[in-house]
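Under my numbering, the letters of the sequence shown match residues 356 to 478, in that order.
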Amino acid sequence: MPTLSVWYFRTAILFLIAGICLGLYMSITHQFEATGAHAHINLLGWVTMAIFGIYYALNPVQAASRIAKIQYMLYTIGILVMAPSLFLMLTGNPALEPVVAISSLVTFAGVLLFAVILFTRKA
């Protein structure tokens with residue numbers, strides 16, 4: 356399996372653990388303000404990253420490209436900043452809204468870069 360796929364799967368499982376921990380926290384404390392952050396961690400972190408990992412496992416030529424590694428870094432950094440800042444914003448710190456906005460755009464840039472990779476697929 357390509358190294359990039361392994362990176363994606365390992366990162367995805369860490370986001371799943373974080374998402375479950377946040378869900379448990381919300382359930383135990385009955386504080387559900389951070390539901391949006393919980394959803395983003397699970398969908399963008401766990402699900403989407405696992406799908407990226409599957410794609411690269413099935414397309415090792417693409418996984419070896421420099422642009423694929425840049426895409427991983429861009430997308431991962433975006434989520435690593437967005438998720439905690441979104442949590443903090445939703446739980447009472449509205450000053451973090453610009454951080455959430457910028458990191459969301461970074462994450463989206465990672466998705467757009469993945470689209471470029473998909474549409475310029477090498478055989």
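Glycine residues also receive a C-beta, built at the ideal position from the N, C-alpha and C atoms.
Remember, it's a predicted structure, so these values are computed and weren't measured experimentally.
query, result
"Helix, strand or coil at Q386 [DSSP, three-state]", "coil"
"Within 8 Å, strictly: CB atoms of P357 and Y411", "yes"
"CB contact flag (Y430, T462, <8 Å)", "yes"
"The segment 455 to 474 contacting the segment 431 to 439, beta-carbon criterion three pairs below 8 Å", "yes"
"Residue ranges of each alpha helix (DSSP H) within the segment 406 to 447, 4 or longer", "415 to 418 and 421 to 445"
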